[in-house]
Amino acid sequence: MWQAEVRVDLDAIRDNVATLRAGTTAEVMAVVKADGYGHGMLPVARAALAGGATWLGVATLDEALTLRRAGLTAPVLAWLLAPGLPLHDGVAADIDLNAGSLAQLGELVTAARRAQRPARVHLKLDTGLARGGATPAEWPALLEAAAKAQAEGEAEIVGAWSHFVYADAPGHETIDHQLAVFAEGLATAEQYGIEPRYRHIANSAATLTRPDAHYDLVRPGVAVYGLSPLPPEHPTGLRPAMTARARVTLTKRVPAGQGVSYGHAYHTSRETTLALVPLGYGDGVPRHASNVGPVSLGGRTRTIAGRVCMDQIILDCGDDPVAAGDVAVLFGPGDDGTPTATDWAEAIGTINYEIVTRFGGTRVPRVYDGTAGVPNEAASGRLSDDGTAGTAGTAGTAGTAAEAAPGRLSDDVTADLPAGSRADAPSDHDTGNPRAGASPSRSDARGRGSDARGRGSDARGRGSEGFVARMADSSVGQPGEGA
Ligand SMILES: *Cc1c(COP(=O)(O)O)cnc(C)c1O
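Quick note on numbering: the sequence shown equals residues 116 to 598 in this note's numbering.
Here's what the structure looks like:
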């Protein structure tokens with residue numbers, strides 16, 4: 116029995132990468148930073164590789180090392196490096212590292228000496244974002260130092276790269292300008308004898324709209340997860356991989372004029388049925404979604420009534436026959452008109468990136484669908500013998516997948532009751548709620564907690580072996596079927 120979950124469709128991730136790959140002659144680096152935009156870095160990385168990605172991109176050294184510890188051997192680039200990190204560990208682990216300043220290059224050279232092998236370096240040129248990278252003024256000095264380090268066997272200059280300001284606004288003048296600055300920077304590099312194998316500047320938006328920006332490697336992130344960074348008039352053929360949903364914990368009839376949730380920021384306009392949905396800002400629901408976030412329940416999309424609480428939201432369902440146990444979908448692939456992460460972003464004034472990434476926390480169990488990138492033994496149901504098998508462990512604490520051993524998984528499934536057949540007591544975990552107390556749903560949560568502990572130790576001890584059990588969810592619809 117599950118109460119709230121984030122489902123991630125690994126086959127959609129694989130297929131999205133295959134779609135991106137089919138649109139370019141460049142290689143594809145799937146960007147899996149920030150725990151795979153909240154989808155789970157390791158399963159996502161494997162699914163992306165299954166879809167034809169040949170590189171993985173992350174922000175931090177820790178993320179890159181986590182990929183290596185999990186046994187992934189594909190080239191990995193890490194680009195956000197503060198001074199003093201153990202970069203020699205990165206060099207030793209064959210991780211490609213970014214240098215956007217003389218100081219950063221100096222650290223890589225030091226790391227190379229310590230690791231006794233050349234650092235694999237991507238030189239970053241700031242073509243206008245004013246974030247990472249050397250300015251055009253600093254670029255020649257960086258090139259000179261890089262050429263020297265390469266000549267001395269301390270660095271292998273694998274890449275030269277940059278990042279767009281505004282590629283999500285196709286036709287924006289900054290795009291052509293940055294491409295011109297980048298081309299000029301590459302020409303300057305050539306004068307210093309640096310002709311890297313990989314020149315790269317395209318994020319998802321440029322991958323989708325600017326083939327002339329693809330060079331040797333594209334770096335899509337959000338598109339891997341099936342979300343578009345582009346305005347709606349640009350169809351992408353991608354499928355959103357994440358679904359966030361929860362079971363109604365309680366319904367009740369209330370009269371017209373009833374104030375709802377903290378601050379009574381919403382009042383009912385008629386006698387109506389309220390439904391409590393157990394997802395709140397502690398799970399990733401932005402509090403800014405108060406009175407605006409869309410949620411599908413009972414075949415209709417409704418708007419959150421009143422404030423988003425830490426653990427729950429409330430829907431005003433009129434006279435519709437909604438019941439405890441019914442499944443409410445916050446966002447998913449958008450089938451049958453259910454909301455998408457993009458709808459959520461529009462409703463609250465942010466970007467779809469932030470919506471899915473917010474749901475990557477540890478509180479809501481993350482469950483994987485599909486088999487893309489899943490080792491064969493897991494797909495065929497074979498267990499590893501350490502009792503933590505069937506794991507779709509994601510890095511460390513975020514490992515909350517369908518990770519029970521299959522036997523246990525099927526226990527879960529058989530314990531699953533048909534939607535609406537069980538009226539869970541309300542689970543009032545809200546801070547400041549005087550009615551908080553033990554409830555049947557809490558014992559469910561505790562059972563899941565022990566799963567989570569097993570997962571946690573799994574992720575630490577044998578992340579590389581993590582694999583995914585396909586969750587045969589017998590009693591409720593798959594993501595996107597609506598609820
Ligand atoms: C996050 C990131 C990407 C991916 O961007 P999307 O817009 O998600 O495709 C690519 N490159 C760099 C340097 C990034 O930081």
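All C-beta atoms in this analysis are idealised placements derived from N, C-alpha and C, irrespective of residue type, glycine included.
Euclidean distance between Cα positions of residue i and residue j
i: P255; j: A361; result: 55 angstroms
i: T134; j: L353; result: 7 angstroms
i: F474; j: R314; result: 33 angstroms
i: A226; j: A266; result: 16 angstroms
i: T388; j: G476; result: 31 angstroms
i: V363; j: R422; result: 17 angstroms
i: A174; j: L195; result: 5 angstroms
i: A72; j: A487; result: This structure leaves residue 72 out entirely; the chain is present only between 116 and 598.
i: A264; j: P233; result: 9 angstroms
i: Q373; j: A380; result: 10 angstroms
i: Q231; j: L220; result: 16 angstroms
i: V121; j: V224; result: 42 angstroms
i: D124; j: G186; result: 22 angstroms
i: N406; j: Y377; result: 12 angstroms
i: R228; j: A260; result: 16 angstroms
i: R129; j: E222; result: 36 angstroms
i: A119; j: A420; result: 19 angstroms
i: D451; j: L394; result: 22 angstroms
8 angstroms Cβ shell around residue i - same chain, five flanking residues per side excluded
i: T303; result: W254, P255 and L258
i: D211; result: P190, V191, L192, A193, R235, V236, H237, V273 and G274
i: A218; result: P198
i: P311; result: H237, L238, I272, V273, G274, A275 and A304
i: L345; result: D283, P285, A320, L323, T324 and T351
Neighbourhood of residue i by C-beta distance below 6 angstroms, restricted to the same chain and skipping five residues each side
i: S343; result: T351
i: H403; result: I463
i: R161; result: G488
i: T457; result: N467
i: E271; result: P233 and R235
i: G341; result: A127, N131, L353, R354, P355 and A356
i: G433; result: T387
i: G151; result: V159
i: D398; result: R478 and V479
i: A553; result: Only weak support exists for where A553 lies, its pLDDT of 31 falling under 50; the coordinates are left without a value.
i: H287; result: Y281
Cβ shell of residue i (< 7 angstroms), same chain only, five flanking positions each side left out
i: E168; result: Here the sequence assigns Ala to residue 168, which means Glu is not the residue at that position. So the qualifying residues of the chain are V132, V143, M144 and A145.
i: T248; result: Residue identity differs from the one stated: residue 248 is Gly in this sequence, not Thr. So the list reads G215, K239, L240, D241 and S277, once near-sequence residues are dropped.
i: A328; result: L294, I316, A317 and A321
i: G308; result: A262
i: G576; result: Residue placement at G576 cannot be trusted, given a pLDDT of 29 that sits under 50; what the coordinates show is reported in the next sentence. Around G576: no qualifying Cβ.
i: D204; result: L180
Of the listed residues the options, nearest to residue i (C-alpha basis)
i: T416; options: G440, V423, F446 and R402; result: F446
i: P335; options: G138, E120 and L220; result: G138
i: P347; options: V159, A141 and D283; result: D283
i: A252; options: T366, L223 and F297; result: F297
i: L202; options: P326, G153 and L176; result: L176
i: T418; options: P409, R136, D426 and V339; result: P409
i: V444; options: V375, T358, T289 and L301; result: T358
i: Y396; options: T250, D441, V482 and I428; result: I428
i: V442; options: E299, D291, W170 and A390; result: A390
i: Y483; options: M156, E461 and T250; result: M156
i: R368; options: G452, H154, K148 and L430; result: L430
i: D435; options: V392, T140, L412 and T465; result: L412
i: D331; options: T140, V375 and L323; result: T140
i: E469; options: R136, H154 and E269; result: H154
i: C424; options: A439, V400, V206 and V437; result: V400
i: P454; options: G414, A371, A439 and Q306; result: G414
i: A149; options: V471, W170, L301 and N491; result: V471
Which residues DSSP lists as bridging residue i, in chain order
i: I466; result: For I466, which the question treats as bridged, DSSP gives no partner whatsoever.
i: D249; result: Looking at the sequence itself, residue 249 is Ala, so the reference to Asp does not match. A249 is bridged to L240.
i: I128; result: DSSP lists no partner for I128.
i: I272; result: V236
i: R122; result: T358 and V482
i: R314; result: A275
i: A343; result: The identity of residue 343 in the sequence shown is Ser, whereas the question assumes Ala. According to DSSP, S343 bridges with nothing at all.
i: S319; result: Looking at the DSSP assignment, S319 forms no beta bridge with any residue, so it has no partner.
i: V369; result: T387
i: D426; result: For D426, which the question treats as bridged, DSSP gives no partner whatsoever.
Residue i at chain D interface by Cβ criterion, 8 angstroms
i: V375; result: Here there is only one protein chain, and chain D is not present.
Neighbouring residues (CB closer than 5 angstroms to any heavy atom of ligand 1): V146, H278, N318, S319, R334, P335, G336 and V337
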